[in-house]
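K.L.:
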Amino acid sequence: MGKGPIALFLYFLLLTPLMIYYPSESLSAAREGLQLWLNVLLPALFPFLVVAELILGMGLPRLVGVLLEPLMRPLFRLPGAAAVVVAIGFTTGFPVGAIITARLIREGALTTTEGERLSLFTNNASPLFMLGAVGAGLFGSSEAGLMLAAAHYGANLVVGWLYTRTLPPPPRSFSTVGRRSNLWNRLEAEWKLFSTQSKPPGEILGNAITRGMNNILAIGGYMMFFVVTFRLLLAGDVITPLLSGLEEVLQWLHLNPTLAPGMIAGLLEMSIGCQQIAAAHAPLTERLMMTSFLLAWSGISIQAQVSTFLAGTGVRLSRYLLARLAQGFLSVAILYVLLLYLPLPMSSSYIPPLTEFNLWWIWPGKSGLVYVLIGIMLIFSMIFIKGARKK
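Quick note: the sequence shown uses the UniProt record's numbering, first residue 1, plus one each step.
1. If Ala82 sits next to Leu110, beta carbons under 8 Å apart, how far is it from one beta carbon to the other, in whole angstroms?
2. When DSSP labels each residue in this structure, what does residue 401 get in the three-state scheme?
3. Which of helix, strand or coil does DSSP assign to Ala136?
4. Just list the beta strand (DSSP E) runs in the segment 242-271, keeping only unbroken ones of 3 residues or longer that don't cross its boundaries, in chain order.
5. Going by CA-CA distance only, name the one from Met147, Leu131, Asn124 that's closest to Gly299.
6. So, is Pro352 buried or exposed, given that buried needs 16 or more other C-beta atoms within 10 angstroms?
7. Would you call the segment 42-51 and the segment 210-219 touching, i.e. three or more CB-CB distances under 8 Å?
8. Do Val66 and Gly57 have their C-beta atoms within less than 8 Å of each other?
9. Kindly indicate the opening and closing residues of the alpha helix (DSSP H) around Leu284.
10. Taking Arg287 as the reference, which of Tyr153, Val315, Val306, Leu335 has the closest Cα?
11. Only counting the same chain, and skipping five residues up and downstream in sequence, which positions put a Cβ closer than 6 Å to that of Ala282?
12. Report yes if the C-beta distance between Ser126 and Gly97 is below 8 Å; otherwise report no.
13. May I have the straight-line CA-CA distance separating Ser347 from Tyr11, to the nearest angstrom?
14. With Trp37 as the anchor, note down where its alpha helix (DSSP H) starts and where it stops.
15. Taking Cβ to Cβ, would you say Ile219 is nearer than 8 Å to Pro95?
16. So, under 8 Å CB-CB, Ile272 and Leu243 are touching, yes? Tell me the CB distance rounded to an integer number of Å.
17. Would you call the CB atoms of Ala144 and Leu344 closer than 8 Å?
18. Looking at the structure shown, is Ala151 part of a helix, part of a strand, or coil, going by DSSP?
19. Thinking C-beta only, is Leu295 closer than 8 Å to Met130?
20. List the whole-angstrom C-beta distance separating Leu146 from Gly135, where the pair is believed to meet the contact cut-off of C-beta under 8 Å.
21. Excluding sequence positions up to five away, which residues of its chain have a Cβ less than 8 Å from the Cβ of Ala280?
22. Go ahead and pull the three-state DSSP assignment for Thr313.
23. Roughly how far, in whole angstroms, is the beta-carbon of Leu232 from the beta-carbon of Ile239, given that I think they are within contact range, below 8 Å?
24. Does DSSP classify Asn207 as helix, strand or coil?
25. Compute the distance between the beta-carbons of Gly33 and Val306, then report whether it is under 8 Å.
26. Hey, how far is the Cα of Thr308 from the Cα of Leu325?
27. Can you name the start and end residues of the alpha helix (DSSP H) that Gly97 belongs to?
28. With a 10 Å radius around its C-beta and 16 neighbouring C-beta atoms as the bar for buried, classify Ser367 as buried or exposed.
29. Using 8 Å for Cβ pairs, my map puts Val159 next to Ala323. What's the rounded Cβ distance?
30. Taking only the alpha-carbon atoms, compute the straight-line gap between Val40 and Glu25 and give it to the nearest angstrom.
31. Cα separation between Ile277 and Thr291?
32. Taking Pro43 as the reference, which of Leu217, Phe121, Cys274, Gly236 has the closest Cα?
33. Taking only beta-carbon positions, decide if Ser141 is within less than 8 Å of chain B.
34. Below 7 Å CB to CB, which residues in the same chain sit around Asn215 once its five sequence neighbours on both sides are set aside?
35. Nearest to Phe139 by alpha carbon, out of Leu157, Gln275, Leu13?
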């Protein structure tokens, strides 16, 4: 038996007695997760899941990929079909990027290596969630949502670009003078294949709705399960030692210890963590920084969803988790720069005044932060290079 099954067995060995001992907490937590899925995820994500399945069912990634390959090859060293995943992943949110990536790998449009690289930076929090739910809803500021989104997407693109720099460049034939005629021939061939689609439109739409509903049900199940898990661990005082230790670490880092419950919650489920951090009695800048990190980390709930949809494709989850950590640190650094040059207006009475982000290991001044950013990028680029060489 491997380490994964053993860890899962121990996990359920801990969770089952808590469900029996705290039935009311388990029931209320399940209702909370169901309401969150029914009121937020289902209406916001289901239409995008159907559209994504329609795009795949009609064979559009190959057709669009021919046109966008001149952009994707030099920038990310990926085939043009990956551009569809980038566009949908950046606009719909978790875990649609993983769903489409897995489908393209199974259909042969992407190799396992290309799919692994693509999954590192195409699973994002949706702009609707960051701008609406987090920015306007939790922080009462649309500007805060814009800054979180800019840091989130910027860090994700940097992670994708850094990792692709460790790979060999595109084939030399890609940059030959005759690439335009070759591009036209490929486009013509893909158009003929697309126009002679054998499946009737009704079948394509029916399959898209069925698969989209199956995916949204799986996402809802994961959300309910991890909401119940967090509430039971909290009711059983299982995470109390971890909470106390994290509070001490935050105090040692000169950060507000009231952020600890939200950080622990966000490690499991992103939405609950963002909600608790936004409501913490801490300076606005610290709350935004921790929220930015949680959006990049995405929580074990979403990571489990991604691993489920990518199962059987050969994509390594360890590389994906490393990319989430890299994006988390980079997004915090980018957000800090944005807050230095674009301070937020105080549009809500319950938001405390914006204070200087209290990091004692960063010396004062904006120039010092630039060196910190460069150092972070170099560290993670070396990690990626080391991982690519091992492979």
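By construction, the Cβ of each residue, glycine as well, lies at the ideal position given by its N, Cα and C atoms.
P.N.:
In terms of the structure at hand:
1. Taking C-beta atoms under 8 Å as the contact rule, Ala82 and Leu110 qualify, at a distance of about 7 Å.
2. The structure shown does not extend to residue 401, since the chain spans only 1 to 391, so no value can be given for it.
3. DSSP, read as helix, strand or coil, puts Ala136 in helix.
4. Uninterrupted beta strand (DSSP E) stretches at least 3 residues long and entirely within the segment 242-271 do not occur.
5. Residue Asn124 is the option with its Cα nearest to Gly299.
6. With a pLDDT of 37 at Pro352, under the threshold of 50, the modelled position of that residue is not reliable, and no figure is offered here.
7. Using a Cβ-Cβ distance cut-off of 8 Å, the segment 42-51 and the segment 210-219 are in contact, since at least three pairs of beta carbons, one from each stretch, lie closer than that value.
8. For Val66 and Gly57, no; Cβs fall outside 8 Å.
9. Taken as a continuous stretch (DSSP letters only), the alpha helix (DSSP H) holding Leu284 covers 284-297.
10. Among Tyr153, Val315, Val306, Leu335, the Cα nearest to that of Arg287 belongs to Leu335.
11. Contacts found: Asn256, Thr258, Leu259.
12. Contact: no.
13. At Ser347, the pLDDT of 43 sits below 50, so the modelled position is not reliable; the number obtained from the coordinates is stated separately. If you take the alpha carbons of Ser347 and Tyr11, they lie about 43 Å apart.
14. Element bounds for Trp37: n/a, residue is neither H nor E.
15. Taking 8 Å as the cut-off, the beta carbon of Ile219 is found closer than this to the beta carbon of Pro95.
16. Their Cβ separation, rounded to whole angstroms, is 14 Å, which puts Ile272 and Leu243 out of contact at 8 Å.
17. Against a cut-off of 8 Å, the Cβ pair of Leu344 and Ala144 comes out as a contact.
18. Three-state DSSP puts Ala151 in a helix.
19. Their beta carbons are under 8 Å apart, which means Met130 touches Leu295 by this criterion.
20. For a cut-off of 8 Å, the C-beta gap from Leu146 to Gly135 is around 7 Å, short enough to register as a contact.
21. Close CB contacts of Ala280 within its chain, under the 8 Å cut and outside five residues either way in sequence, are with Asn256, Thr258, Leu259, Pro261, Gly262, Arg287 (chain order).
22. Coil.
23. Ile239 and Leu232 do not touch by the CB rule: their CB atoms are close to 10 Å apart, not below 8 Å.
24. Here Asn207 sits in helix by DSSP.
25. Cβ distance not < 8 Å, so Gly33 and Val306 don't count as in contact.
26. If you draw a straight line from the Cα of Thr308 to the Cα of Leu325, it comes to about 20 Å.
27. Counting along the chain, the alpha helix (DSSP H) containing Gly97 begins and ends at 96-107.
28. With a pLDDT of only 40 at Ser367, under 50, the local geometry of the prediction cannot be trusted, and no value is derived from it.
29. Between Val159 and Ala323, the beta carbon gap of about 5 Å places them in contact (Cβ cut-off 8 Å).
30. Straight-line Cα distance between these residues: approximately 22 Å.
31. Distance between the alpha carbons of Ile277 and Thr291: 7 Å.
32. Of Leu217, Phe121, Cys274, Gly236, the residue nearest in Cα terms is Leu217.
33. No chain B appears in this structure, which consists of one protein chain only.
34. These residues qualify, in order along the chain: Leu49, Ile99.
35. Taking Phe139 as reference, the option from Leu157, Gln275, Leu13 with the minimal CA-CA separation is Gln275.
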